[in-house]
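Quick note: the sequence shown uses this note's numbering, first residue 886, plus one each step. Glycine included, every Cβ here is placed at the ideal spot set by N, Cα and C. Owing to the predicted nature of the structure, the values given are computational and were not obtained by experimental measurement. Down below is the structure, laid out as structure tokens.
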Amino acid sequence: MIETVSTTPYQDQKPGTSGLRKKVPVFAQPNYAENFIQSVFDCLSGFEGKTLVIGGDGRYYNDVVIQKAIRMAAANGFGRVLVGQNGILSTPAASHIIRKYEAFGGIILSASHNPGGPEEDFGIKYNASNGGPAPEHLTDAIFERTKTIETYKTVQAPDIDLSKTGNYDTAGMAVEVIDPVSDYAALMETLFDFDAIRDLFASGFSITFDAMSAVTGPYATEIIERRLGAPAGTVLNGTPLPDFGHHHPDPNLVHARHLYDAVMGANPPDFAAASDGDGDRNLILGAGIFVTPSDSVAMLAANAHLAPGYAKGLAGIARSMPTSGAADRVAGKLGIGIFETPTGWKFFGNLLDAGKVTICGEESAGTGSDHVREKDGLWAVLLWLNILAARREPLKQIVEKHWAEYGRNYYSRHDYEAIDTGIANGLMDGLREKLPGLAGTEVNGMKIETADDFTYHDPVDGSTSSHQGVRILFEGGSRIVYRLSGTGTSGATLRVYIERYEPDPALHGIDTQEALADLIAAADEIAQIAKLTGRDAPTVIT
Ligand code: G1P
Ligand code: ZN
């Protein structure tokens, strides 16, 4: 029954910030997906007879790889596969399913917010039994394995019909096609005051949620429209499509511009939100206001006690290093721990498992808590709705009161996409060489206090992750951070993160790019971005 198939290794299967991401034509090469999946299995032990969760964001090629993964799971000795109906499982829902059913782990097929389609992006990620992304030592081992793999195991078996829930069998291994939404929706009901949110909606509060033709459609429709009673039509683009309707399912101010325009226009909705391809990111807007992700994690932490699931308070907060320091001020006031980790959700896993933190966030529109081990877009939306239902104040007012109390961290990220990899690496190397001489010097009239390349020491397992981003800290708390993206699929993306702290409420109403203008100029001067890349402006500003 079990076939051992000969294969030749590929040398480019290095998992990035969140799993292996490549264009579909790369994944469609002979044995490409098989090699990676087998390499994952080869780096695990003790899964015989155990459960594997499989699901994805519904993008093009999901269906093909899901069937391969099921057959390979059977051949490798898993006892059971749980797979979402139609192959659908949002990333946070997959994390929850792994935890709830005490699975050995899960394979999530997604390229997050990247476009989908025959020429677009695809991805495979392995999550461990805690429901979180594989830790770095495991992804490193998987990469090493991919370079030498010679065979993979599969079975001869027909495809599973994923269109109907039910119990099936692949070469003796049980396969359950499960409803992707119900367990997740039930979890949300335990965390949030659904009655209060229902009352808020019934009072005439208006909301719009854009699922961007990606995975959150079925989840948002069930929770926001059916369980919370928002009017039908509240969820836009609610059917997951393999190519996301040719859109870029990234809930930022570029790709979800229409929501921004709506809240800034005449007759704005009280609240507008969106999520990304695989449902782990969020965009939060209210009448007249965009809540930056860095502010959002701080404000959610400051108000979380208003939701039943967090009424007892928070153990601590974690944020990725490039995320603004707004959350640090909340942690300080609450007298709880604050942790600064490298970019990527996997670094939060140990802190969450150890009970050191309850809420985590990244500047890249990722927010989440210890309810799962992934960031969770709908969770953030529902926590905001719970806070709005409890406070009954406009979102804009809540944000402005927060700034008045804690000060405002002006913050922006400038991305230079698809630059030549050699040039990008050269720019970063050049920066690193300059680091030792930067402290004490002045750039654009501002004095640099310290400059370094961020190294993280995991307080739980003692591991060290170095080269996690160049940080330039100025006197007064302003900051510039440079790093290269680990999720792109064409060329390199340079991310420049710029932050300035402003305690004075009289100065909280400035346009962000204006408030940061001196630092933006300094960022170019220090790294010579325009000169080295030939770009006079970033591709995306968030
Ligand atoms: C990006 C974000 C990062 C996030 C990751 C996965 O990674 O910056 O915060 O965890 O996507 O969603 P990057 O491309 O910067 O490596
Ligand atoms: Zn995502």
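Inset, instruction - Mark Lys1332 as exposed unless 16 or more other C-beta atoms lie within 10 angstroms of its C-beta, in which case mark it buried. - result: The sequence position of residue 1332 within the sequence shown is 447, counting from 1. With fewer than 16 Cβ atoms within 10 Å of its Cβ, Lys1332 is classed as exposed.
Inset, instruction - Return yes when the Cβ of Tyr1301 is within less than 9 Å of the Cβ of Thr1226, no when it is not. - result: For the purposes of this step, residue 1226 is taken as the residue at position 341 of the sequence shown. For the purposes of this step, residue 1301 is taken as the residue at position 416 of the sequence shown. No, they are not a contact pair.
Legend entry - Closest Cα partner of Arg1356 within the set Ile1383, Asp1343, Gly940 and Ile1283: On the sequence shown, residue 1356 is found 471 positions in, with the first residue counted as 1. When only C-alpha atoms are compared, the closest one is Ile1383.
Inset, instruction - Give the DSSP bridge partners of Pro1018, in chain order. - result: In the sequence shown, residue 1018 corresponds to position 133, counting from 1. In the DSSP output, where bridge partners are listed per residue, Pro1018 has Asn1012.
Inset, instruction - Would you mind sorting Val1345 into buried or exposed? The rule is 16 or more other CB atoms within 10 Å of its CB. - result: Here residue 1345 refers to the residue found at position 460 when the sequence shown is read from its first residue. By the neighbour-count rule (16 or more Cβ atoms within 10 Å), Val1345 is not buried but exposed.
Legend entry - Three-state secondary structure assigned by DSSP to Gln970: As a position in the sequence shown, residue 970 is number 85, starting the count at 1. DSSP places Gln970 in strand when its eight states are reduced to three.
Inset, instruction - Would you identify the three-state DSSP class for Val1257, choosing helix, strand or coil? - result: Within the sequence shown, the letter at position 372 stands for residue 1257. Residue state, collapsed to three classes: coil.
Inset, instruction - Could you tell me which residues DSSP pairs with Ile887 in its beta bridges? - result: Within the sequence shown, residue 887 is the residue found at index 2, counting from 1. Note: Ile887 sits in a beta bridge opposite Val1040.
Inset, instruction - Enumerate in chain order the residues of its own chain whose CB-to-CB distance from Arg1276 is below 8 Å, with the five nearest sequence positions on each side excluded. - result: In the sequence shown, residue 1276 corresponds to position 391, counting from 1. Excluding residues within five positions, the ones whose Cβ falls inside 8 Å are Asn1188, Leu1191 and Ile1283.
Legend entry - Between the CA atoms of Val911 and Gly1217 - distance to the nearest angstrom: Stepping through the sequence shown from its first residue, residue 1217 is reached at position 332. Stepping through the sequence shown from its first residue, residue 911 is reached at position 26. Taking the straight line from one Cα to the other gives about 47 Å.
Legend entry - 8 Å CB neighbourhood of Gly1164 in its chain, flanking five on each side removed: Position 279 of the sequence shown holds residue 1164. Closer than 8 Å at the Cβ level, and outside the excluded window around Gly1164, lie Asp942, Ser975, Thr976, Pro977, Ala978, Ala1099, Val1100, Thr1101, Tyr1104, Asp1261, Gly1262 and Leu1263.
Legend entry - Rounded C-alpha distance that separates His1256 from Ala1200: Sequence index remark: in the sequence shown, residue 1256 carries index 371 (1-based). Sequence index remark: in the sequence shown, residue 1200 carries index 315 (1-based). Using only the alpha carbons, I get a separation of about 13 Å.
Legend entry - Beta-carbon proximity of Ala1377 to Asn1329, cut-off 9 Å: Counting from 1 along the sequence shown, the entry for residue 1377 is found at position 492. Counting from 1 along the sequence shown, the entry for residue 1329 is found at position 444. In this structure, Asn1329 does not lie closer than 9 Å to Ala1377 by Cβ.
Inset, instruction - Would you please state the rounded distance, in angstroms, between the beta carbons of Gly1001 and Gly1162? I believe it to be under 8 Å. - result: The sequence position of residue 1001 within the sequence shown is 116, counting from 1. The sequence position of residue 1162 within the sequence shown is 277, counting from 1. Confirmed, Cβ separation roughly 7 Å.
Inset, instruction - Enumerate in chain order the residues of its own chain whose CB-to-CB distance from Thr902 is below 7 Å, with the five nearest sequence positions on each side excluded. - result: Along the sequence shown, read from residue 1 onward, the residue named residue 902 stands at position 17. Only Thr1228, Gly1229, Gly1371 and Thr1372 meet the Cβ criterion.
Legend entry - Three-way DSSP call (helix, strand, coil) for Glu1387 in this model: Numbered from 1 along the sequence shown, position 502 holds the residue referred to as residue 1387. Glu1387: strand per DSSP, three-state reduction.
Inset, instruction - Assign Arg1111 to one of two classes, buried (16 or more other C-beta atoms within 10 Å of its C-beta) or exposed (fewer than that). - result: On the sequence shown, residue 1111 is found 226 positions in, with the first residue counted as 1. Burial call: exposed.
Inset, instruction - Report the partner residues of Lys907 according to the DSSP bridge assignment. - result: For the purposes of this step, residue 907 is taken as the residue at position 22 of the sequence shown. Answer is Phe1007, bridged to Lys907.
Inset, instruction - Give a yes or no on whether 9 Å exceeds the smallest Cβ distance from Thr1418 to chain C. - result: Given the protein chain composition of this structure (a single chain), no chain C is represented.
Inset, instruction - Could you tell me whether the stretch 1005-1019 touches the stretch 892-909, where touching means 3 or more Cβ pairs closer than 8 Å? - result: yes
Inset, instruction - Return yes when at least one heavy atom of the ligand G1P lies under 8 Å from the C-beta of Asp1165, else no. - result: Counting from 1 along the sequence shown, the entry for residue 1165 is found at position 280. Under cutoff, so the answer is yes.
Legend entry - Buried or exposed by the 16-neighbour rule on C-beta atoms within 10 Å, applied to Gly1220: Reading the sequence shown from its first residue, position 335 is the one you call residue 1220. Under this definition Gly1220 is an exposed residue.
Inset, instruction - Give a single yes or no on whether Gly1373 has its beta carbon closer than 8 Å to a heavy atom of the ligand ZN. - result: Here the question's residue 1373 lines up with position 488 in the sequence shown. Every heavy atom of the ligand ZN is 8 Å or more from the Cβ of Gly1373, so no.
Legend entry - Under the three-state DSSP convention, the category Arg1420 falls into: Residue numbering aside, residue 1420 sits at position 535 when the sequence shown is read from its first letter. The answer is coil: DSSP assigns Arg1420 none of H, G, I, E or B.
Legend entry - Strand pairing of Ile1092, partner residues [DSSP]: Translated into positions along the sequence shown, residue 1092 becomes position 207. Its beta-bridge partners are Phe1156.
Inset, instruction - Using only the heavy atoms of the ligand ZN, determine whether one of them is closer than 8 Å to the beta carbon of Asp1472. - result: Nothing about residue 1472 can be reported from this structure: the residues present for the chain run from 886 to 1427 only.
Inset, instruction - Starting from Lys899, follow the alpha helix (DSSP H) in both directions and report where the run begins and ends. - result: Position 14 of the sequence shown, counted from the start, is the residue given in the question as residue 899. No alpha helix (DSSP H) holds Lys899; DSSP gives it neither H nor E.
Inset, instruction - Work out the CA separation of Leu929 and Leu1316 for me, nearest whole Å. - result: Numbered from its first residue, the sequence shown carries residue 1316 at position 431. Numbered from its first residue, the sequence shown carries residue 929 at position 44. Between Leu1316 and Leu929, the C-alpha separation is close to 38 Å.
Legend entry - Sufficient close CB pairs (3 or more, under 8 Å) joining the stretch 1075-1094 to the stretch 982-989: no
Legend entry - Minimum C-alpha distance to Pro1020 - residue among Leu1144, Pro900 and Leu1358: For the purposes of this step, residue 1020 is identified with residue 135 of the sequence shown, where counting begins at 1. Nearest C-alpha to Pro1020: Pro900.
Inset, instruction - Determine the direct distance from the alpha carbon of Val1182 to that of Ser1432, and round the result to whole angstroms. - result: One cannot answer for residue 1432 here, as it falls past the ends of the chain, which runs 886 to 1427.
Inset, instruction - Could you check which residue in Gly1322, Met1149, His1140 and Asn1271 has the C-alpha nearest to that of Pro1193? - result: By one-based count along the sequence shown, residue 1193 stands at place 308. Of the candidates Gly1322, Met1149, His1140 and Asn1271, the one whose C-alpha sits nearest the C-alpha of Pro1193 is Asn1271.
Inset, instruction - Assign Ile841 to buried or exposed, taking buried as 16 or more other Cβ atoms, counted over all protein chains shown, within 10 Å of its Cβ. - result: It is not possible to answer for residue 841, since the shown part of the chain is limited to 886 through 1427.
Legend entry - Whole-angstrom distance between Phe1359 and Tyr986, CA atom to CA atom: Numbered from its first residue, the sequence shown carries residue 986 at position 101. Numbered from its first residue, the sequence shown carries residue 1359 at position 474. Cα to Cα, the separation comes out at about 48 Å.
Inset, instruction - Using only alpha-carbon positions, find the residue among Asp1025, Val1060, Pro1136 and Ile993 that is nearest to Val966. - result: Sequence index remark: in the sequence shown, residue 966 carries index 81 (1-based). Nearest option by C-alpha distance: Val1060.
Inset, instruction - Note down the Cα distance separating Val1040 from Ala954, rounded to an integer number of angstroms. - result: Along the sequence shown, read from residue 1 onward, the residue named residue 1040 stands at position 155. Along the sequence shown, read from residue 1 onward, the residue named residue 954 stands at position 69. Their Cα atoms are separated by approximately 11 Å.
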